[in-house]
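Chains as they are written, first to last, in my numbering: chain P, 730 to 995; chain E, 730 to 995; chain H, 730 to 995; chain F, 730 to 995; chain W, 730 to 995; chain A, 730 to 995.
Every residue gets a Cβ at the ideal spot worked out from N, C-alpha and C, and that includes glycine.
Heads up, the thing below is written out as structure tokens.
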């Protein structure tokens, strides 16, 4: 039982021993959001969790229960919150969930947390959640708690981009439910990808501004911001390796005394 | 892909079709809480989810992403919130999570929701979450949305109790991480139960009141409120059947036009 | 003036002397809620206050102003919040009232508080109110403030139950505005009980779950969950004695250095 | 039972009949605040309630449970919140209590409310509480609910001032626990006034500004802002008559269809 | 650049040097509110800022960015919030803005702040904002931060009143957009006063109470509570001198170690 | 007076006429944030306002009072919130300010708003503020209110970038207080730029993640993320023209019936 990854699958006594031994906690934060007709709505939380699992294996870290609901989908980022199925939280709800659980991890004795975000819209609210938690922790006299916060896709290496997009990278902006996410899902959860449903809409062409209420006509009906054509499990594997290695290296650099396994990722 | 149970594993297009077809949503609400040295901390969310899955199979319903963090553990209910590992939300954080997702389900077009609670301390906050959501829905002119709310253990039949506790039922009050929950976990997730770690503390003997800060000495060190001695997967199966059948019947009675599969549970 | 019980009837100089002398504060928390056609809507706050008064006399304690509005009435607990007259607070309103006044008592120099709840629906929100107050007090460096929290009916002795219900106790669940509350009111406030209006509805028969919006048809029209037939002032006296003695004993046990009068309750 | 004044002493059926008959609700709002060594801490809530009772008798109105905790005492208004015994709410706690109960009165079917404030510091927060309630009521389509809001001392007639202060009125600013409040308490609650403890501090002499944290030295130690010398029950009676008549007349003018008793106040 | 007054026009390095040198911060708080047809809607914020500028010149103080939106206009104070153009904040929004910026000034190292309020309705919310900030600062161990809070008109000297109102002062209550504010604007911002639009409504005649929703008929259509007839830049100059001198003197008295320029105001 | 741009300089009667005539409101949102030793802390709010003014001149629009405090500065975006002088709001404070004023503009009768953001960290909170306002407006039955939301730098044309960075554009990420902002300030507010203080730090080199508490060593001491070398008023003029024209065109496209002046920008 000592080699479990998921906090929720451990007993409290096991967890306590791991924390006392200096184990790091990884917190995946995702969303329940439309990802086109070919990907499941849990894509963001599944991919953030997948990165957490890969990193946890390297560092003997603990994967906390993922935050499965995220901030409201935005048209240019995830198609918009008008889609059926997209299930989002108000800003301060999400912020308070993060604030509360971070404070609990600190109470447990943890002093290092890595928050792995898989839904772009969450970014600023994870920052506020961390800030509110750190502020209250300081009121309790806890000032040595540290959080490394990241969006996993920022660890994509240029070499990988070139391999995945041999004809040129259109940029991260329209990658919602497109080549990168679909490839990652084909690698991590192929049974949840419906390749037959891959949409063929043209890429979205957004202006430099937003309009509210959402101009739903700006978004391809499928909810996919650019075609996933060219997606492949093999590409997903390359990306997954970038994230596993990149995030692990970042943690080792910033939290040098974190427990590290001797074996290297296959 | 049409026979998936979990909302997060469906594409939005599949989900939309199911909702348009009148599918019911089941929302499991649990906790991340110590359950003694023999059960995993995710026990409450796993059991609420297990009930949801069994019911969903009967009714062709959709299981929404479970709420994995619950309200602060209380000494007499779950051992208290001072345990390492127990990871809880403030009351209004939990309430707002429920409020927000319920409003989203209504926006999707759903009109029937079943909230399945697996953590006693959550009860009143699920009620407030539902009330706040219903109030805002009424502001939007939505007045036909209905929620059936339950604690799953309230569906335990007397006959089952008698079979599980042949020497007399000590009552639900001390059943935290005890015979019933351990039996259910042995049935649903045997690989997560560590029978070798079953504690042998005597049952807790609580007074008629609470004291805060928690008198931690009142709670057996293990976190288990009464011995799980006598737990068995077979007993868990009996309980699971009560919940699957009882909850399904309740839904059929209250939401008679809900889609029902013809096959009966094996 | 030194023998007053009610904080609000004392001058601040008297109160300060009492607090400096170690006097305990008792905070009654009730509701404004329908209690059938025969009992006044203030029943919960009057009974919580009555217990506080009886205990205060034993322990030379101070009775703080009662919280007269409580959490939303629930069908199975108090008939439901749809009744005309029932006047309830949102969860966080009630929680914040309790948080704020508890912090004030601590600022005054008090270090022991007994919160006496007379409305079942309030329970979890009194817990959250206490927790939020304790948390903020700890930020101020106050860590020796203690709260004993109770529902008064949990101090009913088995012997008393047997005397009051010679034909068998139907259980606390349906006791809203029924034999126990009516008897207590006949003992404490007979002029407010209208025996001619005693309803004769059959007991409510609730299922194992809730439905929202409230299925108002589940609740007897009168708002009384089971018949008050057999109520009597003499029975109320027995109950009152249980509460006065039981709560006093609990306080003496948990807060042993609390000031105790020498005379015993008549 | 039909001639009761206090909502909390009525059954819901009685209350409902009264509301259906167009009865007006009066809501006293006070504080728990030091009022010198001679007056009880509940002075503000007792006086607001006394006005409500006198008016209710004229108009066959209903007196709702008083709000017993108010906003934080300010040095120039009530001596400051640093006094032992003063027990105050945060602004939004008080505001939300008022918002919630006002919405409940509207749900009951009431359409006219009079909020009688007895604690100066509450004024702006009663305004915000009313505004938030009215806003939410409008979301529900209720737009005919009206609130008359007042501080009772604004109904003091010039003739009365001249009688009470034959040597000239020093103004309302320093009247905290001074001649007017003490006279009113001598009239309404003489048993709660300790004339032997009447302080003889000189009047406070405040500058044109505030400093926070409170410069406690600005406030006379007793907490009384100007001497109560010259207070008398007879003067309290004059004031009480002004308030009873003035408030009643205001209500009759603004809410002309309110039920009015035929008898005149003695 | 060292002689700039406005924080927002300074670089952070300049500001830091000033703060390290003990410079005082002045925070103007105003509103965006109708001020009749002849005055701009920014009158309150402009006048609070003008006072701040005059004082800052005397004391080498720093003028922070003004809070341009205030609490909801009240009929008797500023005409009511139903006017087109009046743009107000909810109570807790305003309170939180003040709480947040005060905490930031303390983080910068400032220990003395003067909050200059120019909108009567803001008063109690500035008090709550200050209180919430002080409370949190105390959690951080900062207990030497002081705030001097004022409404600028309270510094009007009797001699000035007599000069401005040779025929008798009607009192501050109806001075909204009337002689004093118009004179001050003629002095400070003559280009923003439209003397041709000076309304000639009679003074408002308010009762001793409020009614909500606002009885808009109580307020002169122009939004001006009493005629500005007799306003003059020269009168504004007298008032401005009172405020500049009075506020400066108050600060010197309460915060004696504040940096003072040698030159005297012309 | 009819040709004023700033709402706060208009009387309410003028404003009302403009709104009734269909005038558009522009709301600048900025920050009070360090911008290196050479730029004032109000840079973000000044530049957002400058864009608003240029656009307002084209469209006969109204410039609302700018929001002068923004969300907490982030290391990679604005240097971090640890700098002396940076004065930020909590997320929900900023969000609620925007929610409240947007609702007020709608109450005034406006149906079109352009929110011009000048501080990157504000982006998601402006989105939430708009969403909360729209939601409440819908409760009031107002569903035709539209907001165009933008960060002004997204209107920089490629041709302009090439002219400003003849040796290649390092990207927007490090442009805090660098060439673009300094050039714009040299154009709009040259008297507030201290060219002698232009820092010569090397560009910041941030990793792909954040660490909290902020690793202050990551940020150049000056607070400038990349050298402003090469800044020039002439470049600022080019940028300003892009924004004036680009934003005006966007508004004309999305809000085609907005009032348009005939004259073209010089």
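Taking each of P:790, P:794, P:749 in turn and checking the Cα distance to residue 772 of chain E, the smallest one comes out for P:794.
Ranked by how close their Cα comes to the Cα of residue 891 of chain W, the residues W:840, W:844, W:944, W:968 have W:968 in first place. Interface annotation, residue 800 of chain F: not in contact with chain H, CB-CB separation never under 8 Å. The alpha carbon of residue 803 of chain W has as its nearest neighbour, out of F:961, F:924, F:855, the alpha carbon of F:855.
Contact annotation: the stretch 873 to 880 of chain F does not touch the stretch 940 to 956 of chain F, with fewer than three C-beta pairs closer than 8 Å. Chain-ordered, the chain P residues with CB closer than 8 Å to the CB of residue 820 of chain A read 820, 821, 824, 853, 854, 857. Annotated as distal: residue 745 of chain H and residue 741 of chain F, with beta-carbon spacing of 8 Å or more. Straight across, the Cα-Cα distance linking residue 787 of chain A with residue 791 of chain E is about 53 Å. Here the alpha carbon of residue 737 of chain F sits roughly 19 Å from the alpha carbon of residue 928 of chain H. When 9 Å is used as the limit between beta carbons, residue 774 of chain E is near these residues of chain P: 737, 794, in chain order. When 9 Å is used as the limit between beta carbons, residue 863 of chain F is near no residue of chain E, the shortest such separation being about 14 Å. Counting C-beta pairs closer than 8 Å gives fewer than three between the stretch 933 to 944 of chain P and the stretch 884 to 900 of chain P, which falls short of the contact rule.
Uninterrupted beta strand (DSSP E) stretches at least 3 residues long and entirely within the stretch 802 to 881 of chain H occur at 841 to 846, 875 to 880, given in chain order. The beta carbons of residue 801 of chain F and residue 857 of chain F sit no closer together than 8 Å. Remark: C-beta atoms of residue 827 of chain H and residue 871 of chain H do not approach each other more closely than 8 Å.
For residue 932 of chain F, the CB contacts under 6 Å within the same chain, skipping 5 residues up- and downstream, are 903, 955 in chain order.
Taken through DSSP and simplified to helix, strand or coil, residue 976 of chain H comes out as helix. At least one beta carbon of chain H lies nearer than 8 Å to the beta carbon of residue 942 of chain E. The residue among H:848, H:807, H:978, H:923 with its C-alpha nearest the C-alpha of residue 758 of chain H is H:848. Chain-order list of chain A residues neighbouring residue 868 of chain E: 868, by C-beta distance under 7 Å. At a cut-off of 8 Å, the C-beta of residue 898 of chain F has no neighbouring C-beta in chain W.
In terms of CA proximity to residue 918 of chain W, W:768 leads the group W:945, W:768, W:739, W:925.
Taken through DSSP and simplified to helix, strand or coil, residue 761 of chain A comes out as strand. Counting only the Cα atoms, residue 942 of chain P lies some 10 Å from residue 811 of chain P. Residue 901 of chain F carries a helical assignment under DSSP once its states are collapsed to helix, strand and coil.
Within chain W, the C-beta atoms nearer than 8 Å to that of residue 926 of chain A come from 740, 742, in chain order. About 4 Å separates the beta carbons of residue 965 of chain A and residue 912 of chain A, which is inside the 8 Å limit, making them a contact pair. Per DSSP, residue 773 of chain F is one residue of the alpha helix (DSSP H) stretching across 772 to 788. Residue 755 of chain W is bridged by DSSP to W:792, W:843.
Take the alpha-carbon of residue 852 of chain W and the one of residue 901 of chain W: they are about 15 Å apart.
Boundaries of the beta strand (DSSP E) harbouring residue 941 of chain A: 939 to 941, taken from the DSSP string.
For residue 861 of chain W, the closest C-alpha among the options W:845, W:832, W:882, W:962 is that of W:832. Sorting P:867, P:898, P:770, P:974 by C-alpha distance to the C-alpha of residue 817 of chain P places P:770 at the top. Comparing C-alpha distances from residue 749 of chain F to each of H:781, H:813, H:845 shows the shortest one belongs to H:813. Only exposed fits residue 934 of chain A, as fewer than 16 other CB atoms lie within 10 angstroms of its CB.
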